[in-house]
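Residue numbers (this note's numbering), protein chains in the order written: chain A, 188 to 585; chain B, 188 to 585; chain C, 188 to 585; chain D, 188 to 585. Built from N, CA and C at the ideal position, the CB exists for glycine as well. Quick caveat: nothing in here was measured; it's all calculated off a predicted structure. Working notes, beginning with the structure itself.
4 protein chains.
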Amino acid sequence: MATNGDLNRKLRMALVGGGAGSFIGRVHATAAVLDNRAELVAGALSSDPERAKASAPDYDIKPDRAYGSVDELLSSEAALPEDKRIDFVSVATPNHTHFSIAKAALEAGFNVICDKPMTFDLEQAEELAQLVEKSGAVFALSHNYTGYPLIRQAREMIQSGELGEIQAFRSNYMQGWLRSRLEDDDQKQAAWRTDPAKSGAAGAFGDIGTHAYNLARYMTGLLPEEVSSHLKIFAPGRRLDDYGHAVIRLENGGLGTVTASQISHGRENDLFIEVDGTKGALQWRQEDPNQMMVRRNGQPHQVYTRDPNAPFTNASGAAACRLPAGHPEAFFEAFANVYRFAYDAMADRALGKTFEKTDTIYPNVADGVEGMYFIQQCVASSAENGAWLPLKHPLARK
Amino acid sequence: MATNGDLNRKLRMALVGGGAGSFIGRVHATAAVLDNRAELVAGALSSDPERAKASAPDYDIKPDRAYGSVDELLSSEAALPEDKRIDFVSVATPNHTHFSIAKAALEAGFNVICDKPMTFDLEQAEELAQLVEKSGAVFALSHNYTGYPLIRQAREMIQSGELGEIQAFRSNYMQGWLRSRLEDDDQKQAAWRTDPAKSGAAGAFGDIGTHAYNLARYMTGLLPEEVSSHLKIFAPGRRLDDYGHAVIRLENGGLGTVTASQISHGRENDLFIEVDGTKGALQWRQEDPNQMMVRRNGQPHQVYTRDPNAPFTNASGAAACRLPAGHPEAFFEAFANVYRFAYDAMADRALGKTFEKTDTIYPNVADGVEGMYFIQQCVASSAENGAWLPLKHPLARK
Amino acid sequence: MATNGDLNRKLRMALVGGGAGSFIGRVHATAAVLDNRAELVAGALSSDPERAKASAPDYDIKPDRAYGSVDELLSSEAALPEDKRIDFVSVATPNHTHFSIAKAALEAGFNVICDKPMTFDLEQAEELAQLVEKSGAVFALSHNYTGYPLIRQAREMIQSGELGEIQAFRSNYMQGWLRSRLEDDDQKQAAWRTDPAKSGAAGAFGDIGTHAYNLARYMTGLLPEEVSSHLKIFAPGRRLDDYGHAVIRLENGGLGTVTASQISHGRENDLFIEVDGTKGALQWRQEDPNQMMVRRNGQPHQVYTRDPNAPFTNASGAAACRLPAGHPEAFFEAFANVYRFAYDAMADRALGKTFEKTDTIYPNVADGVEGMYFIQQCVASSAENGAWLPLKHPLARK
Amino acid sequence: MATNGDLNRKLRMALVGGGAGSFIGRVHATAAVLDNRAELVAGALSSDPERAKASAPDYDIKPDRAYGSVDELLSSEAALPEDKRIDFVSVATPNHTHFSIAKAALEAGFNVICDKPMTFDLEQAEELAQLVEKSGAVFALSHNYTGYPLIRQAREMIQSGELGEIQAFRSNYMQGWLRSRLEDDDQKQAAWRTDPAKSGAAGAFGDIGTHAYNLARYMTGLLPEEVSSHLKIFAPGRRLDDYGHAVIRLENGGLGTVTASQISHGRENDLFIEVDGTKGALQWRQEDPNQMMVRRNGQPHQVYTRDPNAPFTNASGAAACRLPAGHPEAFFEAFANVYRFAYDAMADRALGKTFEKTDTIYPNVADGVEGMYFIQQCVASSAENGAWLPLKHPLARK
């Protein structure tokens with residue numbers, strides 16, 4: 188099959204963010220080209236025009252397409268002939284800037300891959316959802332953990348009823364790097380994440396709690412009803428939560444919990460989920476992503492490995508693999524799966540075909556809205572002593 | 188050192204419960220003799236006198252000391268000469284009978300090792316605490332998981348400040364065996380545990396949630412303040428919770444959670460705890476009890492193994508070991524550690540020496556009271572939609 | 188069922204060895220009583236008569252049965268009335284003394300449980316085999332790792348053909364405690380093990396290599412043909428091997444390897460075996476003995492847990508369990524399983540019944556002969572630059 | 188830093204092999220662009236000219252640079268202006284064709300990244316080594332497992348003496364996919380690997396045994412002296428070994444073993460190595476590559492995670508990382524590290540700078556010679572009943 192199918196060419200990408208000191212910008216750049224289906228050709232790599240241009244050689248972006256601002260990027264690219272101009276913009280900047288960048292990119296006609304949490308607050312998120320709909324563009328959200336093949340395997344197993352009715356989940360995201368107040372040492376990653384003006388209403392719960400919640404929603408498809416949350420600040424003097432816990436009543440009568448920590452010594456990026464169904468149970472850990480434990484009473488525990496060719500692997504799981512079993516895939520590949528499946532949609536759009544906008548395999552703008560709602564309601568519940576607050580957003584996808 | 192020190196003889200044990208079909212009776216009998224420090228000489232092995240006597244050969248209890256009832260056991264043994272008569276009674280019966288048996292044994296002057304949860308309700312527990320105090324007898328509660336060497340190692344590490352201030356714990360006890368309604372099949376273990384008249388106010392939360400809570404309390408020494416709980420019945424028609432979750436506000440400002448399940452497919456006896464301190468974090472799993480993960484930012488993760496001779500093993504950890512490193516110890520040894528350290532106290536008592544009654548290394552009657560309070564408050568909170576209720580009992584030990 | 192079945196009484200045990208500083212003596216004493224089926228009533232606990240008697244209170248052995256020598260033990264016990272006299276002798280002394288003690292005990296009419304390696308050399312072993320046969324007594328060898336429930340499960344799975352024909356095994360026993368020359372520090376355990384006069388012709392290969400070899404033989408039932416071996420002394424100045432490797436040609440055309448080390452840093456007691464069959468493969472590790480990995484192409488890896496009640500557990504596996512799934516069993520229980528099944532035979536013998544002598548579930552004198560042959564041939568092969576030497580002994584059981 | 192440093196442009200790559208059904212061609216293409224430092228611009232994707240051209244769109248190779256043969260590729264590219272022409276050729280074809288392709292590419296002045304085993308036999312390998320030297324080109328061999336960050340960490344730890352003198356290694360590469368004769372089903376991967384005319388003198392030992400051997404050599408730097416090997420064919424009728432074992436005497440007196448299997452049920456790509464030094468021991472498994480166990484007597488086991496920012500990470504380990512701790516890296520990244528460090532050398536060559544040719548961080552032509560020598564000697568030793576044969580090749584690097 189040709190690269191990007193009938194489109195038969197690489198897609199052209201612009202990166203916003205990603206200047207020196209950025210972690211996630213480089214991740215986007217790497218994930219985007221992993222399959223040789225896209226080329227990074229333009230960028231506005233920093234909000235500081237000089238630094239933006241100076242960073243371009245890092246990405247082999249030619250000087251004439253190394254822009255000093257997002258506006259310049261968008262207007263210049265829009266003015267290029269169709270066979271040169273970018274296809275999409277990846278937004279890899281701090282949270283408070285996502286909305287305006289994504290909005291402008293959509294309005295300029297480009298597809299968008301946006302970092303999470305999607306916006307600064309729920310209001311922006313809801314507005315963005317409308318903009319996406321109006322634009323007809325592809326919009327994907329980098330809830331990258333949904334891209335792991337075994338997560339997709341799990342999702343299809345659950346959808347198909349293999350595990351029966353899901354009654355409980357426990358989704359946890361444990362880190363330790365903010366145990367001490369790194370933000371005081373001018374550590375760039377820590378600084379904006381602990382600053383309410385840049386990060387939004389929540390700290391750990393916005394940064395990683397949303398991932399844990401999104402993962403549970405993505406895998407199980409269960410709709411929430413109400414949430415009771417308890418956010419804590421354990422590093423004295425910090426302004427945003429660095430530890431939090433939420434109890435979620437599910438629409439079907441089940442119970443879910445979400446725990447997020449950034450103060451647990453030595454925990455690196457320990458996203459870990461357990462799902463209990465009436466016919467079986469699942470367990471998966473992001474730091475060891477090529478296997479998933481499936482348990483059923485009366486049977487040996489079963490270790491499903493990521494194996495695109497195994498009889499036990501379903502279509503969703505296989506489609507997300509690049510390598511045969513035993514050749515481990517990891518973070519980049521999962522991240523790249525958000526891109527890969529969004530590329531399919533982008534190619535279709537470029538060819539004037541219709542494409543799925545709601546029930547996408549990649550996280551979309553509705554998931555972003557849900558994430559912002561989750562943050563808002565958890566912060567509010569915690570402020571009210573764990574009061575039960577509604578959690579089901581009208582845009583939540585089934 | 189002689190067996191039981193200056194006492195220089197084995198202690199004499201009576202078992203109540205343990206007739207055919209019993210699981211925990213055999214565990215008590217096995218754990219009690221593991222160190223060759225006691226001998227099982229008498230029993231009232233069933234509430235049915237005939238079955239009680241018929242079961243005696245299973246334990247090599249001589250016919251003349253195989254009693255038809257607890258009353259008969261206690262009065263007959265009390266009448267024996269001091270050098271024949273039992274030293275202690277192990278109570279291994281369903282929950283609703285613990286109180287009356289323990290009470291009678293104490294009043295007859297015997298030491299007691301009692302199964303958990305300690306009584307049927309809090310009122311009984313508080314009364315029993317008074318009885319123990321009045322009796323001067325040794326009373327130990329079989330919260331057996333506290334007997335694992337690495338749990339004791341962890342406890343001393345925390346007490347000594349090695350992990351700094353403890354701010355969070357997550358204690359989980361996951362089982363799957365009650366996924367379906369075994370109680371309908373006349374399965375003895377399932378039947379009494381799911382029957383409010385025998386088990387008490389809680390199901391899973393009483394049976395195993397109390398273990399998870401006790402373990403966290405034992406390891407960390409942290410006092411609770413309030414609890415908000417959510418108990419669920421996932422097997423349709425069951426009368427007691429088979430899944431539950433509690434959020435606990437700690438007196439020091441920290442946050443703890445307890446999760447217990449008996450409906451999670453394939454989970455066998457998965458008691459699992461994580462503890463976060465300002466200087467380090469711990470992780471331990473009962474099903475793999477000979478190692479404990481200790482994490483500290485900036486250091487490789489450290490796997491503490493159960494090694495009585497290692498420089499990194501503290502006195503509490505070493506004292507609880509029977510075997511060198513790599514020769515795994517497990518459930519029986521941990522269970523036997525409740526006995527072993529209670530034997531020290533029993534020997535002291537028999538020799539007329541004083542012995543520690545409050546800050547015992549083994550779980551005691553105060554822990555039993557706390558357990559019953561935990562059950563009561565969790566049940567009540569859950570009934571009130573997760574309302575915050577007090578959890579710190581006046582008898583709670585530091 | 189009554190204790191020891193129709194015998195309906197505990198068996199009476201004498202311990203030889205086990206004085207202060209002994210590790211394995213205490214293990215025997217503990218394992219022997221674990222099921223409350225035996226009572227330790229007599230001992231010759233040290234070759235030093237005074238120390239022997241002084242150690243008796245440690246085991247609650249009464250002074251009148253605390254003997255100063257093996258001879259005294261055997262003659263005195265033989266003179267006791269039948270309902271007092273010991274049933275069996277456990278030999279827990281350094282290797283070079285096993286033969287004479289076992290011989291004397293057998294000649295005195297007692298059953299014997301003997302430590303491994305069985306004797307000092309092959310000649311003694313072959314003589315002992317004849318003595319056992321002549322005596323009609325029960326003789327068990329403490330190749331304790333054969334007692335693990337999942338090893339017995341594996342053995343039956345292999346025997347029944349579930350894994351097809353076995354073509355390869357890799358059996359490894361890794362320790363690190365003799366990395367430095369502890370023997371120079373007068374460490375008792377190290378001293379005799381590294382002394383050719385007490386340990387025999389091999390060091391690590393005799394002490395633990397034999398366990399690894401025995402385990403592979405026990406599990407697979409495969410007969411060996413030839414061996415090529417390479418023994419090394421890595422601690423300068425040591426007199427016996429502390430590392431070794433053997434390649435074994437199997438009678439059926441397969442290939443096995445045995446590796447043993449006592450100089451691998453931090454390895455505690457890491458006995459680890461892998462078995463490849465045409466229909467499936469097994470993997471088991473002694474330090475995590477309650478699970479076994481079973482793999483078959485095209486299926487998820489299967490984790491067989493030790494679960495006496497599971498449909499996937501066979502009769503041999505279930506019979507070796509004492510606890511339900513998730514309640515880990517470990518070293519003592521496996522050790523006690525050598526005793527437990529030997530007790531069945533002892534009870535039969537005491538009742539005048541016939542009992543299995545050749546194809547015993549517990550390791551027997553033939554296995555001991557094989558072990559000594561393995562040591563002898565490995566030492567010889569290594570001395571001849573890894574020459575292929577025969578390994579199939581005429582007494583080797585199928 | 189600009190892409191490829193002072194070169195400040197992407198390198199241009201040609202792929203040989205990689206047509207439909209190829210696994211390793213796609214891996215090369217993916218790994219090569221992972222860091223956005225190269226662009227795949229040309230290819231001779233199949234030995235069948237038509238299929239070669241038809242496969243080009245899969246890689247977004249433009250039709251005018253989709254060549255029908257290697258000769259056409261090399262002559263056409265050499266004729267292009269310097270700023271268009273390829274910098275290097277990646278050889279991803281069956282073993283028997285590597286030599287002629289690499290030779291031609293070198294003679295045409297291009298750098299080469301070649302699959303392993305490097306050639307069909309030792310003679311070709313030695314000739315290729317001379318050609319590389321004469322050419323002045325960069326030649327890297329895709330022993331990709333050397334690219335894992337923790338392998339590089341381990342290598343530097345060993346080189347710096349942290350583990351003392353290395354005395355033993357055990358390197359294993361276990362697979363199960365050739366358990367049955369897939370070659371009979373026309374499975375492309377299986378067909379050439381089991382065909383002596385295409386694979387060379389060895390099967391499993393050439394395909395994966397060389398990886399295991401190379402990994403041990405790369406990590407430890409220990410020179411071999413002699414080898415005794417035992418290769419087996421377990422699938423009846425197969426023509427090349429599918430299981431093998433080699434014992435290696437090391438120049439420093441140590442002992443190494445290499446085991447390779449392609450018939451072990453359910454083993455996917457289980458490359459697993461243990462290294463014993465006088466001061467510490469290492470253990471690493473390719474299927475779980477982001478952690479490495481480091482053990483030292485008297486210390487807790489230490490789990491070194493892949494963490495570029497940790498104090499315990501050395502320069503080699505950090506330089507091989509792309510992501511922070513807990514964001515797992517895997518197969519592609521390791522593969523890409525062979526490319527990445529070869530790119531440094533290619534950029535230097537393009538700029539006319541000198542670059543390291545012998546002690547390269549990436550596997551080079553000398554390692555390829557060693558690999559072919561290893562295969563030749565193992566095959567010969569096995570044919571002579573495991574006779575000891577020399578293993579130290581004159582070109583072997585220290």
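Cβ of residue i within 8 Å of any chain D Cβ
| i | result |
| --- | --- |
| Gln354 (chain C) | yes |
| Arg196 (chain A) | yes |
Partner residues on chain A for residue i, Cβ-Cβ distance less than 7 Å
| i | result |
| --- | --- |
| Trp471 (chain B) | None at all; the shortest Cβ gap to chain A is about 14 Å. |
Residue i, enclosing alpha helix (DSSP H) - first and last residue
| i | result |
| --- | --- |
| Glu520 (chain B) | Phe518 to Ala537 |
| Ser322 (chain C) | Leu309 to Ser322 |
| Asp342 (chain D) | For the record, residue 342 (chain D) in the displayed sequence is Arg; it is not Asp. Its alpha helix (DSSP H) spans residues Pro336 to Gln346. |
| Tyr560 (chain B) | Val552 to Ala570 |
Contacts that residue i makes with chain D (C-beta to C-beta distance below 7 Å)
| i | result |
| --- | --- |
| Phe307 (chain A) | Here the premise fails: no neighbours, minimum Cβ distance about 25 Å. |
| Pro281 (chain A) | Those within 7 Å of Pro281 (chain A) in chain D number zero; the least Cβ separation is about 17 Å. |
Option in the options with minimal Cα separation from residue i
| i | options | result |
| --- | --- | --- |
| Phe307 (chain B) | B:Ser287, B:Ser277 and B:Glu438 | B:Ser287 |
| Asn298 (chain D) | D:Leu309, D:Ala532, D:Ile338 and D:Tyr560 | D:Ala532 |
| Ser358 (chain C) | C:Gly443, C:Ala378 and C:Pro487 | C:Gly443 |
| Leu337 (chain C) | C:His452, C:Thr541 and C:Thr492 | C:Thr492 |
Partner residues on chain B for residue i, Cβ-Cβ distance less than 7 Å
| i | result |
| --- | --- |
| Val490 (chain D) | Pro487, His488 and Val490 |
| Ser358 (chain A) | Near Ser358 (chain A) there are no residues of chain B at all, since even the closest Cβ is about 12 Å away, more than 7 Å. |
Any chain C beta carbon closer than 8 Å to residue i
| i | result |
| --- | --- |
| Val481 (chain A) | yes |
| Leu497 (chain A) | One point to set straight first is that residue 497 (chain A) is Ala, not Leu, in the sequence displayed. Output row for Ala497 (chain A): interface = yes. |
| Tyr246 (chain B) | yes |
| Val434 (chain D) | yes |
C-beta neighbour in chain A for residue i, strict 8 Å
| i | result |
| --- | --- |
| Leu427 (chain B) | no |
| Ala587 (chain C) | Absent from the model: residue 587 (chain C). The displayed extent of chain C is 188 to 585, so no value can be given. |
| Leu365 (chain D) | no |
| Trp379 (chain B) | no |
Contact with chain B by residue i, beta-carbon distance below 8 Å
| i | result |
| --- | --- |
| Lys419 (chain A) | yes |
| Leu369 (chain C) | no |
| Glu516 (chain C) | yes |
Proximal residues of chain C, C-beta to C-beta of residue i below 8 Å
| i | result |
| --- | --- |
| Arg342 (chain D) | Residues of chain C passing the Cβ test: none, with the nearest at roughly 18 Å. |
| Asn223 (chain B) | Ala216, Thr217, Val220, Leu227, Tyr246 and Asp247 |
Neighbouring residues, chain A, relative to residue i (Cβ below 8 Å)
| i | result |
| --- | --- |
| Gly573 (chain B) | Ser415, Val434, Gly573 and Trp575 |
Q: Within the segment 395 to 438 of chain C, note down every full beta strand (DSSP E) run reaching 3 residues or more, in order along the chain.
A: For the segment 395 to 438 of chain C, whole beta strand (DSSP E) runs of length 3 or above, ordered along the chain, are 411 to 419 and 430 to 437.
Q. Curious, which full-length beta strand (DSSP E) runs of at least 3 residues does the segment 258 to 304 of chain B contain?
A. Taking only runs of at least 3 residues, the beta strand (DSSP E) segments lying wholly in the segment 258 to 304 of chain B are 275 to 279 and 298 to 301.
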